[in-house]
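Asker:
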Amino acid sequence: MNNEPENNNSAIDNAAAPAAAPVTVIGLGLMGQALAAAFLRAGHPTTVWNRTAAKAGQLVADGARLAPTVGDALAAAPLTIVCLTDYDAVRELLGASEVALDGTTLVNLTSGDSAQAREAARWAGERGARYLDGAIMAVPTAIGTADAVILHSGPAADFETHEATLAALGTVTHLGADHGLASLYDVAGLAMMWSVLNAWLQGTALLRTVGVDATTFAPFARQIAAGVAEWLPGQAEQIDKGSFPAEESSLETHARAMAHMVQESEAAGVNAELPKLIQAMAARSIAAGHGAEEYPVLIEEFSRPSDG
Ligand code: NAP
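When we follow my numbering, the leftmost residue of the sequence shown carries the number 155, and every step to the right adds one.
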């Protein structure tokens, strides 16, 4: 299946789009306020609702309409963006018996996991709503700029219907029909982010023991991270083919260097948990006969349950 995301980074162009469609934003926390403000800047008639109405003050001053009830907010536009703390809050708010969802399109940008997204889609569908799930890979100050990556999943036709409106928020992407995809990409992106940050902290902790400060290490660390990122397309090919011929260095060669990382960490008196974890995964793969293969053969270790 080709899940190639479709990008639309016309956030800035969209500001000049004529006849902007009306939109509703429910949830005016830090993120919801930024979303509503971006719609207003792009010229969309914007209705807002928040449990604590006072948070709508600046938006109303900037031209938003504050709906008196959730139901009124939903009825004000064919498209409603929901951005609350979590899915329980969404369910509590939109599940109230007096709230009609029939005929509306919900784009739920609340953070959650893929099972929650699929369940929310099922639940919204039962209540007659069209539903897209979404994940915001940005901070509020980036919303409305091309730097704000916002992922969507659910029926492509529903995304396409509202794509021009959603593009006011940033670089909007449709990942596929499975409602869980946006949450899964969100977590996969966080896995990348924390792995890079943790590796940086490990290296920094080691170097600081000999007086090399973080600022000195940072340019070198950045160069390594950027260089390793270049390897990903080639490694992806091996993973997708399920074939891992050692073209650069075998897993055994990597494992010897991992032993140095553990030894150095222990000798320097810094935390060796992460180096040991990486070393243990490689050791299991080598024990399973993969020592002469290229590093991405470790996908087999990553693809099985951790307690299995
Ligand atoms: P926030 O400032 O804490 O706002 C939470 C919002 O949820 C408020 O509008 C709050 O209403 C509302 N809420 C919570 N429980 C509710 C309930 N039971 N009924 C009705 N409304 C309820 O959080 P945020 O930063 O805006 O984040 C919102 C979502 O965006 C989260 O899922 C977060 O993970 C996601 N996100 C945030 C960021 C970020 O940088 N902030 C980045 C990416 C994704 P009240 O104002 O009445 O309390």
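For every residue, glycine included, the Cβ atom is placed at its ideal position computed from N, Cα and C.
Given this structure, state the Cα-to-Cα distance separating L386 from A302, to the nearest angstrom.
Answerer: Mapped onto the sequence shown, residue 386 falls at position 232. Mapped onto the sequence shown, residue 302 falls at position 148. Between L386 and A302, the C-alpha separation is close to 23 Å.
Asker: Per DSSP, what kind of secondary structure is E448 in: helix, strand or coil?
Answerer: Position 294 of the sequence shown, counted from the first residue, corresponds to residue 448. Reduced to three states, the DSSP call for E448 is strand.
Asker: Report buried or exposed for P429, applying the criterion of at least 16 other Cβ atoms within 10 angstroms of its Cβ.
Answerer: Counting from 1 along the sequence shown, the entry for residue 429 is found at position 275. Buried: at least 16 other Cβ atoms inside 10 Å.
Asker: Taking DSSP as the reference, what is the three-state secondary structure of V416?
Answerer: Here residue 416 refers to the residue found at position 262 of the sequence shown. Reduced to three states, the DSSP call for V416 is helix.
Asker: DSSP has W203 in a bridge; who is on the other side?
Answerer: Taking the sequence shown and counting its residues from 1, the one referred to as residue 203 is at position 49. Bridge partners of W203: I180.
Asker: Mind reading off the beta-carbon distance from T264 to L228? Whole number of angstroms is fine, and I expect it under 8 Å.
Answerer: Within the sequence shown, numbered from 1, the residue matching residue 264 stands at position 110. Within the sequence shown, numbered from 1, the residue matching residue 228 stands at position 74. So it is not a contact: roughly 16 Å between Cβ atoms.
Asker: Where DSSP assigns a beta bridge to Y339, which residues make up the other side?
Answerer: Here residue 339 refers to the residue found at position 185 of the sequence shown. According to DSSP, Y339 bridges with nothing at all.
Asker: Identify the residues that DSSP records as bridge partners of I290: which are they?
Answerer: Locating residue 290 in the sequence shown gives position 136, counting from the first residue. According to DSSP, I290 bridges with I304.
Asker: Any chance the segment 183 to 192 sits against the segment 206 to 218, with 3 or more Cβ pairs inside 8 Å?
Answerer: Yes, they touch.
Asker: At the level of alpha carbons, what is the spacing between A231 and A345?
Answerer: Taking the first residue of the sequence shown as position 1, residue 231 is located at position 77. Taking the first residue of the sequence shown as position 1, residue 345 is located at position 191. One C-alpha to the other measures close to 36 Å.
Asker: Taking Cβ positions, are S337 and A283 nearer each other than 7 Å?
Answerer: Here residue 337 corresponds to residue number 183 of the sequence shown, with the count starting at 1. Here residue 283 corresponds to residue number 129 of the sequence shown, with the count starting at 1. Cβ distance not < 7 Å, so S337 and A283 don't count as in contact.
Asker: Hey, how far is the Cα of L323 from the Cα of V261?
Answerer: Walking along the sequence shown from the start, residue 323 turns up at place 169. Walking along the sequence shown from the start, residue 261 turns up at place 107. Whole-angstrom Cα-Cα distance: 12 Å.
Asker: Just to confirm, does E252 get its C-beta within under 6 Å of one of the non-hydrogen atoms of the ligand NAP?
Answerer: Residue 252 sits at position 98 when you count from the first residue of the sequence shown. E252: no, Cβ never under 6 Å from the ligand NAP.
Asker: Could you tell me how far apart the beta carbons of C237 and G308 are, in whole angstroms, since I believe they sit closer than 8 Å?
Answerer: For this step, residue 237 is matched to residue 83 along the sequence shown. For this step, residue 308 is matched to residue 154 along the sequence shown. About 16 Å; that fails the 8 Å criterion.
Asker: Is A243 near the ligand NAP, judged by its Cβ being under 6 Å from some heavy atom?
Answerer: Taking the first residue of the sequence shown as position 1, residue 243 is located at position 89. Flag set: Cβ of A243 near the ligand NAP.
Asker: Within a Cβ cutoff of 6 Å, which residues of the same chain sit near P159, ignoring the five residues on either side of it in sequence?
Answerer: Sequence index remark: in the sequence shown, residue 159 carries index 5 (1-based). Annotation note: pLDDT 48 at P159 (below 50); position unreliable, no value reported.
Asker: Here's a check: name, in chain order, each residue in its chain whose Cβ is nearer than 8 Å to the Cβ of S404, leaving out the five neighbours to either side.
Answerer: Residue mapping note: residue 404 aligns to position 250 of the sequence shown, counting from 1. Counting only Cβ-Cβ distances below 8 Å, and skipping sequence neighbours, we find G445, A446, E447 and E448.
Asker: Name the residue from D367, H306, K395 and I393 whose alpha carbon lies nearest to the alpha carbon of Y339.
Answerer: Residue mapping note: residue 339 aligns to position 185 of the sequence shown, counting from 1. Nearest C-alpha to Y339: H306.
Asker: Could you say which of E455, H198, L452 and S460 lies nearest to L320 if we only look at CA atoms?
Answerer: For the purposes of this step, residue 320 is taken as residue 166 along the sequence shown, with counting starting at 1. Checking every option, the nearest Cα to that of L320 belongs to H198.
Asker: Please identify the residue among K395, V416, V202 and E273 whose C-alpha is closest to the C-alpha of I235.
Answerer: In the sequence shown, the residue the question calls residue 235 occupies position 81. The shortest C-alpha separation from I235 is found at V202.
Asker: Would you report the Cα separation of A254 and L247, rounded to the nearest angstrom?
Answerer: In the sequence shown, the residue the question calls residue 254 occupies position 100. In the sequence shown, the residue the question calls residue 247 occupies position 93. Cα to Cα, the separation comes out at about 11 Å.
Asker: Would DSSP call T363 helix, strand or coil?
Answerer: Counting from 1 along the sequence shown, the entry for residue 363 is found at position 209. T363: coil per DSSP, three-state reduction.
Asker: Under the rule that 16 or more other beta-carbon atoms within 10 Å means buried, what is M347, buried or exposed?
Answerer: Along the sequence shown, read from residue 1 onward, the residue named residue 347 stands at position 193. With fewer than 16 Cβ atoms within 10 Å of its Cβ, M347 is classed as exposed.
Asker: Please report the Cβ distance between Y285 and A274, rounded to the nearest whole angstrom; I am assuming they are in contact, meaning their Cβ atoms lie under 8 Å.
Answerer: In the sequence shown, residue 285 corresponds to position 131, counting from 1. In the sequence shown, residue 274 corresponds to position 120, counting from 1. The pair is a contact, with the Cβ atoms about 7 Å apart (cut-off 8 Å).
Asker: Identify, in the order they occur along the chain, each residue of the same chain with its Cβ nearer than 6 Å to the Cβ of T200, setting aside the five sequence neighbours on each side.
Answerer: Translated into positions along the sequence shown, residue 200 becomes position 46. These residues qualify, in order along the chain: V177, A190, F193, L194 and A218.
Asker: Kindly list the residues whose CB is nearer than 7 Å to the CB of I297, restricted to its own chain and excluding five residues on each side of it in sequence; keep chain order.
Answerer: As a first step, residue 297 must be located in the sequence shown, where it is residue number 143. Closer than 7 Å at Cβ, skipping near neighbours: A188, L189, A192, L323 and G324.
Asker: Taking the alpha helix (DSSP H) that H107 belongs to, which residues open and close that run?
Answerer: Lying before the first or after the last residue shown, residue 107 is absent from the chain, which here runs from 155 to 462.
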